[in-house]
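Asks:
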Amino acid sequence: MVKCQVCGKELDLPYVCKYCGKTFCVEHRLPEKHNCERLTELRKPFIIKPKPETVFMPQTLEKPKTRIYIKRKPRLRVSGLEIRHLLLAWIVLGFCFSIRWLFGYPKLFPLMFMVYLLAVGSGFVFHELAHKFTALRFGCWAEFRMWSWGLIMALLFALMSGGSIVFAAPGAVYIMPRHVLGWEIGRRENGIIALMGPLANLILVFPFYLIWQNYLGIIGLIGETGFYVNLWLAAFNLIPFMGLDGSKVFSWSLAVWGLVTIPTWIYTIYVFFV
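Right, dumping it as structure tokens:
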């Protein structure tokens, strides 16, 4: 079993520092957390220094001028490990939501499994990637990591209830400011990062609604399921409670939280209960 080079913790998912090549746990994965031997080199700012250019004026010759340094922005990319975690969580969620068909109508289970993969999985993936890419824009390290126990609990609840209860906590996007580059995030940045997840679900509501209203059969069922799932995901995550996205938005700006949450919940209540 691989162990963290700092705390000695046995690791199921070790992180390999791309600078020193050693393995660490999630708490010590960043260079400044494990006193990376190349930390001094990392503290050098990433800048682009173009060659001086000479500007000629009539009958005069000015000294060479140098442009302002440009700080390199982080790349918007998804790692191989992150893709594997997203795919596994996606498959487990699709199975949990479609498992009731396995008990009631086994022949329809493969078809309904694909329906829920598209309807539920798309809402989950776009929600998490919205958090990730927004955090990257603010100069943070951000990657999705599945929560193994959360997926196991989702499977157990779905199996024991015959698919009528799905308690899904598949994982989250882990976000860390890049202190070695001098970038920090505050309450505003955290609020914006949190808000992007529910907004992604609200955006998906519209195409799923159009599919539901314009197509019949399986395609129409995908549209209907995606509409309800994404609307509920957005409304639930906007609740300002227990570390949900809504609590971070509420802490940042009551006005922004109310502008997004109140119309979302009014429409959700109308759709589900009226």
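Counting with our numbering, you get residues 894 to 1167 for the letters of the sequence shown.
Where a beta carbon is used, it is the ideal one built from N, C-alpha and C, also for glycine.
1. Among residues of its own chain, excluding the 5 on either side of Val899, which ones have a beta-carbon nearer than 7 Å to its beta-carbon?
2. Going by DSSP, what residues sit across from Gly1064 in a beta bridge?
3. Can you give the Cα-Cα distance for Cys897 and Ile984, rounded to whole angstroms?
4. Quick check on Pro951: does DSSP put it in helix, strand or coil?
5. I'd like to confirm the pairing. Which residues does DSSP put opposite Val909 in its beta bridges?
6. In angstroms with no decimal places, state the Cα-to-Cα distance between Leu1049 and Glu930.
7. Cα separation between Phe1166 and Trp1158?
8. Buried or exposed for Ala1028, please, with buried defined as at least 16 other CB atoms from any protein chain shown within 10 angstroms of its CB.
9. Can you list, in chain order, the residues of its chain with a C-beta nearer than 8 Å to that of Glu1020? Leave out the 5 residues immediately preceding and following it.
10. Would you call the segment 1039 to 1047 and the segment 1060 to 1067 in contact, with 3 or more CB pairs under 8 Å?
11. From the DSSP output, read off the bridge partner residues of Cys897.
12. Expressed to the nearest angstrom, what Euclidean distance is found between the alpha-carbon atoms of Ile961 and Phe1031?
13. Give me the Cα-Cα distance between Cys989 and Gly1056, rounded to the nearest whole angstrom.
14. Of all the alpha helix (DSSP H) runs that stay within the bounds of the segment 1107 to 1158, which reach a length of 4 or more residues?
15. Within its chain, find whatever has a CB closer than 6 Å to the CB of Val1164; leave out the 5 residues flanking it on each side and keep chain order.
16. I need the DSSP call for Pro1070, collapsed to helix, strand or coil.
17. Tell me Cys1033's beta-bridge partners as DSSP assigns them.
18. What's the gap between the Cα of Ile1096 and the Cα of Arg1080?
19. If Ile1115 sits next to Leu1011, beta carbons under 8 Å apart, how far is it from one beta carbon to the other, in whole angstroms?
20. Name the two residues that bound the continuous alpha helix (DSSP H) containing Gly973.
21. Whose C-beta lies closer than 7 Å to the C-beta of Lys911 among residues of the same chain, with five residues either side of it excluded?
22. Within a Cβ cutoff of 6 Å, which residues of the same chain sit near Ala982, ignoring the five residues on either side of it in sequence?
23. Can the beta-carbon of Lys1025 be found closer than 8 Å to that of Asn1083?
Replies: The short version:
1. Phe917, His921, His927
2. Met1039
3. 30 Å
4. In this predicted model, Pro951 has a pLDDT of only 48, less than 50, meaning its place in the structure is not dependable; the value taken from the coordinates is given anyway. Looking at Pro951 - three-state DSSP - the assignment turns out to be coil, as it is neither helix nor strand.
5. Thr916
6. 45 Å
7. 11 Å
8. Under a 10 Å Cβ-count criterion, Ala1028 is classified as buried, with 16 or more other Cβ atoms of the shown protein chains found around its own Cβ.
9. It is His, not Glu, that sits at residue 1020 in the sequence shown. Around His1020: Gly1090, Pro1091, Ala1093, Asn1094, Leu1126, Asn1130.
10. Three or more beta-carbon pairs separated by less than 8 Å link the segment 1039 to 1047 to the segment 1060 to 1067, which places the two stretches in contact.
11. Cys897 is not bridged to any residue.
12. Caution applies to Ile961, whose pLDDT of 38 falls short of 50 and renders its modelled position unreliable; the model cannot decide the point.
13. 7 Å
14. 1110 to 1130, 1138 to 1145
15. none
16. strand
17. Pro1070
18. 24 Å
19. 5 Å
20. 973 to 997
21. none
22. Met1039, Pro1063, Gly1064
23. no
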